[in-house]
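Taken in sequence, the protein lines are chains A and B. Residue 91 in our numbering sits at position 80 of the first sequence, and the numbers go up by one each step. Residue 170 in our numbering sits at position 98 of the second sequence, and the numbers go up by one each step. Backbone N, C-alpha and C fix where the C-beta goes; we use that ideal spot for every residue, glycine too.
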Amino acid sequence: DVKVTQSSRYLVKRTGEKVFLECVQDMDHENMFWYRQDPGLGLRLIYFSYDVKMKEKGDIPEGYSVSREKKERFSLILESASTNQTSMYLCASSLWDRGAPHGEKLFFGSGTQLSVL
Amino acid sequence: DAKTTQPTSMDCAEGRAANLPCNHSTISGNEYVYWYRQIHSQGPQYIIHGLKNNETNEMASLIITEDRKSSTLILPHATLRDTAVYYCIVSLGQNFVFGPGTRLSVLP
């Protein structure tokens, strides 16, 4: 069965700390995504990556960076965590099928609820 | 990517069909309609997608109007486990913008 695994289900950090959120997929997917989800705002795309060492900004990249050193792993980094980054963070992956220009469906992890105090 | 409009919430009786509408009047010719759902405390789950023909799989049916400006997701026999937020997304397939969705409550 396909799987996207996020390293922590719940995380509590202090303001100013550097935070790493890890995501691993076992489906050999090219595309990986980081979203955050807040009540009333839905899911918002932070960053995505189409290949190893490639990254693209999403809609709300400020205050975040990402790393994709291996195909199966996509890390979200909060360089200096702030209270307004308290949120549910969701990682997803998809397969880019060049023969199907509509792409492929997203597979999501279970999410990491991050609280910044 | 085109924007979608969905009702904020809907109720459905257990065992009955749930019909969830979505308007996407600005959809372009090569954009697909995708449906996802999110059960509480979990990541969103893919349900179905289509371009212009109606589609059916083991989870649901997708009916797209001929002008492609709206669609309906049909859960033929809703169960309590179908209670979730349902997202309708129009996309070329590489970038998915999730709106607030429709909160479906399946009632016993």
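With fewer than 16 other Cβ atoms inside 10 Å of its own Cβ, H149(B) counts as exposed.
Sequence-distant Cβ neighbours of V63(A) in its own chain, meaning closer than 8 Å and more than five residues away, are R79, E80, K81, K82. Cβ-Cβ separation between L147(B) and A132(B): approximately 5 Å, consistent with a contact (criterion under 8 Å). Within chain A, not a single residue places a beta-carbon under 7 Å from that of Y158(B); the smallest gap is close to 12 Å. Within a 10 Å sphere around the beta-carbon of L128(A) sit fewer than 16 other beta-carbons, which makes this residue exposed. A distance below 6 Å between beta-carbons, with the five flanking residues on each side excluded, links L117(A) to the following residues of its chain, in chain order: A103, S105. For T94(A), the three-state secondary structure derived from DSSP is helix.
In this structure, the beta-carbon distance from L22(A) to T123(A) falls below 7 Å.
Close to G173(B), with beta-carbon spacing below 8 Å, are these residues of chain A in chain order: G53. Annotated three-state conformation of R47(A) is strand, per DSSP. Interface with chain A (7 Å Cβ-Cβ cutoff): P116(B) is included. For P93(B), the enclosing beta strand (DSSP E) covers residues 90 to 95.
Residues of the segment 88 to 103 of chain B with a C-beta atom less than 9 Å from some C-beta of chain A are N102, E103, listed in chain order. Residues S18, S86 of the same chain have their beta carbon placed closer than 6 Å to that of E33(A), with the five preceding and five following residues left out of the count. Under the criterion of beta carbons closer than 8 Å, G74(A) and L52(A) do not qualify as touching, at roughly 15 Å. Contact check for V157(B) and G171(B): beta-carbon distance about 10 Å, past the 8 Å limit, so the pair fails to qualify.
Residues of chain B whose Cβ lies closer than 8 Å to the Cβ of L101(A) are, in chain order, G115, P116. One finds Q114, G115 in chain B with Cβ atoms closer than 7 Å to the Cβ of S121(A), taken in chain order.
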